[in-house]
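Okay, so here's the structure we're looking at.
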Amino acid sequence: MSALDETIALLSRMIAHPTVSDRGNRDLVEFLAIRLRADGARVRILPDMGGEKANLLASVGPKADGGLLLSGHLDVVPPGEGWSSDPFTLRRAAGRLHGRGACDMKGFVAACVTMLPRLARRGAPVHLALTHDEEVGCLGAQALARAMAAEGPRPAMAIIGEPTRMRVIEGHKGCFEYTTRFTGRDGHGSAPDLGLNAGWAAARFALRLEALAGELKAMRPEGVFDPPWATVSLGRIEAGVARNVIAGQAAVEWEMRPVSEAEARHVKQALADHAETEMAAHPGLVMKTECFGEVAGLEPRAANEARDLMLELVGGTPGLVPFGTEAGIWQALGMDAVLCGPGDIAQAHRPDEYLEESQLAACLDMLGALAARP
Numbered sequence: 001m002s003a004l005d006e007t008i009a010l011l012s013r014m015i016a017h018p019t020v021s022d023r024g025n026r027d028l029v030e031f032l033a034i035r036l037r038a039d040g041a042r043v044r045i046l047p048d049m050g051g052e053k054a055n056l057l058a059s060v061g062p063k064a065d066g067g068l069l070l071s072g073h074l075d076v077v078p079p080g081e082g083w084s085s086d087p088f089t090l091r092r093a094a095g096r097l098h099g100r101g102a103c104d105m106k107g108f109v110a111a112c113v114t115m116l117p118r119l120a121r122r123g124a125p126v127h128l129a130l131t132h133d134e135e136v137g138c139l140g141a142q143a144l145a146r147a148m149a150a151e152g153p154r155p156a157m158a159i160i161g162e163p164t165r166m167r168v169i170e171g172h173k174g175c176f177e178y179t180t181r182f183t184g185r186d187g188h189g190s191a192p193d194l195g196l197n198a199g200w201a202a203a204r205f206a207l208r209l210e211a212l213a214g215e216l217k218a219m220r221p222e223g224v225f226d227p228p229w230a231t232v233s234l235g236r237i238e239a240g241v242a243r244n245v246i247a248g249q250a251a252v253e254w255e256m257r258p259v260s261e262a263e264a265r266h267v268k269q270a271l272a273d274h275a276e277t278e279m280a281a282h283p284g285l286v287m288k289t290e291c292f293g294e295v296a297g298l299e300p301r302a303a304n305e306a307r308d309l310m311l312e313l314v315g316g317t318p319g320l321v322p323f324g325t326e327a328g329i330w331q332a333l334g335m336d337a338v339l340c341g342p343g344d345i346a347q348a349h350r351p352d353e354y355l356e357e358s359q360l361a362a363c364l365d366m367l368g369a370l371a372a373r374p
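So that you can map any letter, position 234 of the sequence shown is 234 in the UniProt record's numbering, and since no number is skipped, the others follow by simple counting.
What follows is the structure, given as structure tokens:
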């Protein structure tokens, strides 16, 4: 059986595990652990607090610092409506591999698992990190990074196999997601002064977000990203229960995509100051912000051995992407990091998601070339 056929067969088994982020992934983790151990890998399973989800870290080669981390996530987004076939049954048609997670990013994971025995012969450590809950805030990677910081291993480079059409990507912004909740005092709409309208507080908060968007634009008018500045976006506002009732509760769902930690700190401090002023001016008003995930960006750097290595293997010129990944987590842990994986991000999160067989073959070629390097 060719490496491509073997990888497609493994991918079929993986897609059959519906590892949507609101479900567990332990069955798939245990299945892969058996396969990896049979191929000689040293495998660690790191469960989450509930025990229904886990990260998997497989290592081959010498037990030493340095070497390479191959990074992929096992969770997928919900399938939604509009599929032409069962989203959790691989459908092979016209050179495409259809199924939820085929592109994002079980295809890359299947290729790494297939090629790990060959990568074990490199003479340097190779680690495969498979995480849970990337789609809902990179929770698994953050937990795994804490474990690695405390116990090792300590790879020198990381390749994150998100779908880039095998192009080398050296940077992306962060993605920080929040909901700010407002509690006032409801009452009859005919006597607004007797209540405390949380809706007005939410509206003033929304206007502060809009002002911050302008401040961030002025802080970085030029740069390599498109747009170059950090962004703030208001996604959703909800308040009250009826037209004639003073809104006692309100919420604003919002996000920011910082280029640097300094910009994230600026937004956080500005909103903390705003909340303090608001609650002092309106006694009884309570404002609380809930964080749903802070995913660090991947900072483009002049010195990046992972980028240089991948350019040698696949060619082209390095680029940037607008979507977030786990790469910034590995960079913060001290690794040079780069994105390069099979498939097109345009196919991710859509009905009839697919990965082209030619892209999967190109990924296998890249891993084979990597295995041949000393």
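Glycine included, C-beta positions come from ideal geometry on N, C-alpha and C.
So what's residue i in DSSP terms, helix, strand or just coil?
| i | result |
| --- | --- |
| Gly66 | coil |
| Asp104 | helix |
| Asp336 | strand |
| Val321 | coil |
| Leu74 | coil |
| Gly235 | strand |
| Glu177 | strand |
| Leu298 | strand |
| Val20 | strand |
| Phe182 | strand |
| Glu151 | helix |
| Thr164 | strand |
Spatial neighbours of residue i within its chain, please: CB distance less than 7 Å, with the 5 preceding and 5 following residues excluded, ordered by chain position.
| i | result |
| --- | --- |
| residue 454 | For residue 454 there is no data in the structure shown, the boundaries of the chain being 1 and 374. |
| Ala147 | Leu46 |
| Asp39 | Leu116 and Pro117 |
Residues in the same chain with beta-carbon distance under 6 Å from residue i, minus the five sequence neighbours each way, listed in chain order, please.
| i | result |
| --- | --- |
| residue 379 | Nothing can be reported for residue 379: it is not among the residues displayed for the chain, which extend from 1 to 374. |
| Met310 | Val168, Val338 and Cys340 |
| Leu70 | Cys112, Leu128 and Ile159 |
| Pro18 | Phe88 |
| Gly240 | Gly199 and Ala247 |
| Glu222 | Pro228 |
On the CB-based measure, 16 or more other CB atoms within 10 Å of its CB, does residue i come out buried or exposed?
| i | result |
| --- | --- |
| Ser59 | buried |
| Cys103 | buried |
| Met1 | exposed |
| Leu46 | buried |
| Asn244 | exposed |
| Pro125 | buried |
| Glu207 | Correcting the residue identity first, residue 207 is Leu in this sequence and not Glu. It counts as exposed. |
| Glu276 | exposed |
| Thr131 | buried |
| residue 437 | Because the chain in this structure spans residues 1 to 374, residue 437 falls outside the shown range and cannot be described. |
| residue 459 | Nothing in the structure corresponds to residue 459, since the chain is present only between 1 and 374. |
| Gly61 | buried |
| Lys53 | buried |
| Pro374 | exposed |
Determine whether the Cβ of residue i lies closer than 8 Å to any Cβ atom of chain C.
| i | result |
| --- | --- |
| Glu170 | Absence of chain C from the displayed structure is noted, only one protein chain being present. |
Return yes when the Cβ of residue j is within less than 8 Å of the Cβ of residue i, no when it is not.
| i | j | result |
| --- | --- | --- |
| Ile15 | Leu116 | no |
| Ala251 | Thr179 | yes |
| Phe292 | His172 | no |
| Phe182 | Met287 | yes |
| Glu162 | Arg307 | no |
| Ala296 | Ala332 | yes |
| Pro155 | Leu68 | yes |
| Leu32 | Leu4 | no |
| Ala141 | Ile329 | yes |
| Met105 | Gly72 | yes |
| Glu134 | Val77 | no |
| Glu177 | Glu255 | yes |
| Gly95 | Glu356 | yes |
| Leu74 | Leu28 | yes |
| Ser12 | Asp352 | no |
| Leu196 | Ala110 | no |
| Phe225 | Leu320 | yes |
Using a Cβ-Cβ cut-off of 8 Å (strictly less than) and excluding sequence neighbours within five positions of residue i, which residues of its own chain qualify?
| i | result |
| --- | --- |
| Met166 | Val314, Cys340, Gly341, Pro342, Gln359, Ala362, Cys363 and Met366 |
| Ala201 | Phe182, Gly184, Ala250, Glu278, His282, Leu285 and Met287 |
| Glu215 | His266 and Ala270 |
| Ala371 | Met115, Arg118, Leu119, Arg121 and Arg122 |
Where do the N-terminal and C-terminal ends of the beta strand (DSSP E) with residue i fall, by residue?
| i | result |
| --- | --- |
| Gln249 | Gln249 to Arg257 |
| Ser59 | Ala54 to Val60 |
| Thr131 | Val126 to Thr131 |
| Val295 | Val286 to Val295 |
| Arg44 | Arg42 to Pro47 |
| Ala211 | Element bounds for Ala211: not the beta strand (DSSP E) but the alpha helix (DSSP H), Ala198 to Met219. |
| Ala230 | First-last for Ala230: undefined, no H or E at that position. |
In the DSSP assignment, the alpha helix (DSSP H) including residue i goes from what residue to what residue?
| i | result |
| --- | --- |
| Ile15 | Ala3 to Ile15 |
| His274 | Glu261 to Ala281 |
| Ala362 | Glu357 to Ala372 |
| Ala38 | Arg26 to Ala38 |
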